[in-house]
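Report on one structure; see the data block that follows.
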Amino acid sequence: MSVPAVKTFAFLLSVALAGFPAVAFSQDCEEEAANMAQVRDCAFRQLEASLQAEYRRTHALARSHDPEAAALLAKAQRDWRTFAESSCDYVVAARGVDQMANDARLDCRAELAGARIETLEQYRQGLGSVDP
43 MSVPAVKTFA FLLSVALAGF PAVAFSQDCE EEAANMAQVR DCAFRQLEAS LQAEYRRTHA
103 LARSHDPEAA ALLAKAQRDW RTFAESSCDY VVAARGVDQM ANDARLDCRA ELAGARIETL
163 EQYRQGLGSV DP
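Just so we're on the same page, our numbering is the position in the sequence shown counted from 1, plus 42.
As structure tokens, this is what we get:
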């Protein structure tokens, strides 16, 4: 993949993720990648790290308030992951173009993860966290 194509993909991904402040796309992915697969892999790892960090903060706060509620949050997170995978499987299948399947999956995961991060932040705020 050419360098301009990698830069274009990185730019488009950063625009897609711009609506989700907690899901920031690092320019390191663009600079370190030799091809699109590496950009996608890097972006996915960053997305997962942002989601996991928010989940851990929320879970820790929930556990400090009510261990039973924290257990329910853990179940909800597992269920959400199943939902996200199934939803993105659908998006890829519905698109019907194998060449862009990885892009469709990453776009889907970015959208769903961004929404989940926002939901987890709202949960924390509901528990009285002042940490945004």
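Glycine included, C-beta positions come from ideal geometry on N, C-alpha and C.
Treat the numbers as computed from the prediction; the structure is a model and nothing was measured.
| Asked | Found |
| --- | --- |
| CB Ala126 to CB Arg87, shorter than 8 Å? | no |
| Would you kindly report the start and end of the unbroken alpha helix (DSSP H) that includes Gly156? | 143-168 |
| For Val139, report the span of its alpha helix (DSSP H) as first-last. | Segment: none, Val139 is in no alpha helix (DSSP H) and carries neither H nor E. |
| On a Cα-Cα basis, can you pick out the residue from Ala146, Arg166, Ser106 that is closest to Ala79? | Ala146 |
| For Ala66 and Ala155, what's the separation of their Cα atoms in angstroms? | For Ala66, the predicted model reports a pLDDT of 48, less than 50, meaning its position is unreliable and no value from the coordinates is stated. |
| If you follow the alpha helix (DSSP H) that Ala76 is in, where does it begin and where does it stop? | Neither: Ala76 is in no alpha helix (DSSP H) and is coded neither H nor E. |
| Under three-state DSSP, which class holds Asp108? | coil |
| Mark Ser92 as exposed unless 16 or more other C-beta atoms lie within 10 angstroms of its C-beta, in which case mark it buried. | buried |
| Once the 5 residues before and after Glu163 are set aside, which same chain residues still bring their CB inside 6 Å of it? | none |
| Closest to Leu169 by C-alpha separation, out of Ala116, Val81, Ala104, would be which residue? | Ala104 |
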